[in-house]
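One structure is given below, encoded as structure tokens.
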Amino acid sequence: MVPPEGATVTSIPYTFEDTDRQWACARPKKPGGAFVCDLDSDVLWPGDDGTTSLVFRFRIDRQVPGAHGTVRPYTPYDRTPGNDTARIPLEASPAPPYRSVVRPAVLIPAVLAAVAVAAAG
């Protein structure tokens, strides 16, 4: 998995039932490189349906028009490797203005002020 330009990977998967707190995926040797996860190893276990899900968390640092990352599984038994790459689009936009209003640090004093004004009136 290669993250989109303008985004930073903040969390990568740990090994299954990990006791050593080892990462399940190797970090890239250089910035912008690929995270490599060996799904055939003993550190990742498939679910009941035989699939393995890996969760990466990203932080969007800046908006880069047209930025995208990629994910590509590899297996030597794949008969059609040409369809193995998928794009990870990155769409960044400013946070809506209402988000700061509903935060407790803003909302609670606003409600208390409104109650005080109503009680005074």
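Under the working numbering, the sequence shown has 173 at position 96, and the numbering climbs by one with no breaks. Just so it is clear, CB atoms sit at the ideal spot from N, CA and C, and this is done for glycine as well.
Residue ranges of each beta strand (DSSP E) run of no fewer than 3 residues wholly in the stretch 122-155, ordered along the chain?
-> Unbroken beta strand (DSSP E) stretches of 3 residues or longer found wholly inside the stretch 122-155: 134-137 and 145-148, given in chain order.
Which of helix, strand or coil does DSSP assign to Ile185?
-> Reading the sequence shown from its first residue, position 108 is the one you call residue 185. Secondary structure at Ile185: helix, using DSSP grouped into helix, strand and coil.
What residue does the beta strand (DSSP E) around Arg164 start on, and which one ends it?
-> If you number the sequence shown from 1, residue 164 lands on position 87. Looking at the DSSP string, the run of the beta strand (DSSP E) that includes Arg164 is Ala163 to Pro166.
Residues near Pro90 by beta carbon distance below 8 Å, same chain, minus five either side = Mapped onto the sequence shown, residue 90 falls at position 13. For Pro90, where only same-chain residues beyond five positions count, the Cβ hits under 8 Å are Trp100, Ala101, Cys102, Cys114, Leu121, Leu131, Val132 and Phe133.
Pairwise C-alpha distance: Val79 and Pro150 | The residue labelled residue 150 in the question sits at position 73 within the sequence shown. The residue labelled residue 79 in the question sits at position 2 within the sequence shown. Note on geometry: alpha-carbon atoms of Pro150 and Val79 lie some 12 Å from one another.
Look at the alpha carbon of Arg139 and the alpha carbon of His145, and state the distance between them as a whole number of angstroms.
-> If you number the sequence shown from 1, residue 139 lands on position 62. If you number the sequence shown from 1, residue 145 lands on position 68. His145 has its alpha-carbon roughly 13 Å from the corresponding atom of Arg139.
Check whether the Cβ atoms of Pro81 and Ile165 lie closer than 8 Å to each other.
-> Taking the first residue of the sequence shown as position 1, residue 81 is located at position 4. Taking the first residue of the sequence shown as position 1, residue 165 is located at position 88. Yes. Within cutoff.
Alpha-carbon spacing of Arg156 relative to Thr162, whole angstroms | For the purposes of this step, residue 156 is taken as residue 79 along the sequence shown, with counting starting at 1. For the purposes of this step, residue 162 is taken as residue 85 along the sequence shown, with counting starting at 1. If I take the Cα positions, the gap works out to 14 Å.
Residues near Gly83 in its chain [Cβ-Cβ closer than 8 Å; skip 5 each side] | Working through the sequence shown from its first residue, we reach residue 83 at position 6. The residues are Ile137, Asp138, Arg139, Gln140, Val141, Ala144, Leu167 and Ala169.
Determine the extent of the beta strand (DSSP E) in which Thr85 is found, giving its start and end residues.
-> The count along the sequence shown starts at 1 and reaches residue 85 at position 8. It spans Ala84 to Ser88 - the beta strand (DSSP E) in which Thr85 sits, taken as one unbroken run.
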